[in-house]
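Structure follows, in structure tokens:
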């Protein structure tokens, strides 16, 4: 593997995770803290995510064709620097309206110029015979970066706060959390500079990787592919699982009675589990059929979610909580690692990757719109374990649908 090739995948990994640190990772790891310091409810935070999702869905669609025409380096670097600027506003604790505007802004900056170019660049890096390896390294590397940055953020927050109890000074906590946000913003901006300067893909002349001109005929040809529709459903179901990890720290805090640092550590554990699973798949399972592994992944998620949905986990079942959380993590992060790696198996042309990803994402990532308000509503309306049970029942249903869609993909493209 050439030095430049290694550098490209490292930069892809760095960029792919850091771009989402501000809008998502911070609130996932510090959810109870975010709710308190911004003085918002679960429902209101969910509305912010929904606002992000609405803008992101449009950005997926119109941004996809751009990835088929322009170099990933320029698009991704611009996206990163614009995203980091939003952190400066975030650190000043805007009100609910300001948060909605900020999340709409992030919905554009993190997707329009970023998502499709990143997926296409990964396909190019993996070439014809290393798609599972490429996406496994991408997801695994993203997980490592996310876990490291989250750990640093928790360390910064812990060092600046002397004790965690109900009598702590709110202003002190706000000042500490602002420093966490400023650090994250600086890191995102730094990665933008690295991507602009060093990410360069060598495109062989005999490879048809670029579309010179966008046409609706090409878009319609992508839309008609059966594999595109199946991948759309697979990603939808897998992403519902991923969005559910947002409330794990809240479950630990409210149901298991963990304090804020302890509950944040549960989220960080999941962040470390994510790269472990992805790298194991990339190194040891890349020769196995990705569709079979998708079926297994959704099955793990289904089993893990059942423990939560059936209200089997309470304050006295800490081992069961950790076991079920781990099982959920294995299933959810395995599916995330695999779902784009099956594009080649589904006969999606590489020069139309951006357009295909844009179209797939219209439905695949709609949990960005509905999961936040939906989960927030149930968590606010039904206090305690009942609201959590409803949320995990939703995950159970989508996990079952994911199994069915993966089986259909296997029968059509692997078993024919």
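Numbering (the working numbering), first residue to last: 25 to 440.
Even for Gly, the Cβ is constructed at its ideal location relative to N, Cα and C.
Sequence-distant residues of the same chain with beta carbon closer than 6 Å to residue i, five excluded per side
i	result
residue 250	none
residue 23	Residue 23 cannot be examined here, being either before or after the span of the chain that is shown, 25 to 440.
residue 416	329, 332 and 333
residue 66	400, 403 and 404
residue 255	384
residue 353	294 and 297
residue 53	174, 288 and 291
residue 99	137 and 141
N-terminal and C-terminal residue of the alpha helix (DSSP H) that residue i is part of
i	result
residue 61	55-61
residue 212	194-222
residue 273	272-278
residue 44	Careful: residue 44 lies outside any alpha helix (DSSP H) and carries neither H nor E.
residue 158	155-184
residue 140	139-150
residue 372	Per DSSP, residue 372 belongs to no alpha helix (DSSP H) and is neither H nor E.
residue 69	66-91
residue 135	First-last for residue 135: undefined, no H or E at that position.
residue 114	96-114
residue 350	342-362
residue 420	409-433
residue 391	391-405
residue 291	284-308
residue 336	Taken as a continuous stretch (DSSP letters only), residue 336 belongs to no alpha helix (DSSP H), as it is neither H nor E.
Status (buried if at least 16 other CB within 10 Å, exposed otherwise) for residue i
i	result
residue 163	buried
residue 119	exposed
residue 33	buried
residue 179	exposed
residue 29	exposed
residue 444	For residue 444 there is no data in the structure shown, the boundaries of the chain being 25 and 440.
residue 228	With a pLDDT of only 49 at residue 228, under the threshold of 50, the placement of this residue in the model should not be trusted; the figure read from the coordinates follows. Looking at its Cβ environment, which holds fewer than 16 other Cβ atoms inside 10 Å, residue 228 is exposed.
residue 339	exposed
residue 42	buried
residue 230	With a pLDDT of only 47 at residue 230, under the threshold of 50, the placement of this residue in the model should not be trusted; the figure read from the coordinates follows. Exposed, since its Cβ has fewer than 16 Cβ neighbours within 10 Å.
residue 305	buried
residue 247	exposed
residue 93	exposed
residue 195	exposed
residue 244	exposed
residue 39	buried
residue 410	exposed
residue 418	buried
residue 284	buried
Identity of the residue in the options nearest residue i by Cα
i	options	result
residue 276	220, 47 and 286	286
residue 151	121, 142 and 374	374
residue 260	115, 381, 97 and 88	381
residue 263	245, 357 and 195	357
residue 50	377, 155, 105 and 289	289
residue 377	107, 415, 364 and 421	364
residue 334	67, 420, 352 and 291	420
residue 292	423, 89 and 173	173
residue 308	104, 96, 161 and 147	161
residue 326	359, 311, 315 and 304	359
residue 349	414, 284 and 265	265
residue 216	368, 93, 347 and 107	107
residue 198	57, 411, 278 and 247	57
residue 422	267, 248 and 39	267
residue 85	390, 303 and 409	390
residue 355	379, 347 and 324	324
residue 362	146, 386, 409 and 414	146
residue 133	83, 311, 395 and 64	83
Cβ shell of residue i (< 8 Å), same chain only, five flanking positions each side left out
i	result
residue 447	Beyond the ends of the chain as shown, which are 25 and 440, falls residue 447; an answer cannot be given.
residue 200	180, 181, 184 and 185
residue 313	434 and 438
residue 342	280
Neighbourhood of residue i by C-beta distance below 7 Å, restricted to the same chain and skipping five residues each side
i	result
residue 236	Because residue 236 sits at a pLDDT of 48, beneath the cut-off of 50, its placement in the model cannot be relied upon, and the following sentence gives the value as read from the coordinates. Around residue 236: no qualifying Cβ.
residue 345	280 and 337
residue 35	218, 219, 222 and 223
residue 203	180 and 184
residue 27	Residue confidence is low: residue 27 scores 48 on pLDDT, short of 50, so the model does not pin down where it sits. Its coordinate-derived value is still stated next. Here the set comprises nothing.
residue 393	74, 77, 78 and 81
residue 431	319
residue 105	213 and 216
Closer than 8 Å to chain B by CB, residue i
i	result
residue 42	Of the protein chains in this structure there is only one, and it is not chain B.
heavy atom of the ligand ADP below 7 Å from residue i C-beta
i	result
residue 295	Within the structure as shown, the ligand ADP is missing, as the structure has no ligands at all.
Do the segment 120-127 and the segment 70-77 touch if we need at least three Cβ pairs shorter than 8 Å? The segment 120-127 makes contact with the segment 70-77, as at least three CB pairs between them are under 8 Å.
Between the segment 290-310 and the segment 163-172, do three or more beta carbon pairs fall short of 8 Å? The way I'd put it, the segment 290-310 does touch the segment 163-172; three or more beta-carbon pairs between them come closer than 8 Å.
Taking 8 Å as the cut-off, does the segment 265-275 touch the segment 142-149 (at least 3 CB pairs, one atom from each stretch)? By the Cβ test, the segment 142-149 is not in contact with the segment 265-275, since fewer than three Cβ pairs between them sit closer than 8 Å.
Touch test, the segment 306-325 against the segment 420-433, Cβ-Cβ under 8 Å, three pairs minimum: Because the criterion of three Cβ pairs below 8 Å is met, the segment 306-325 and the segment 420-433 touch.
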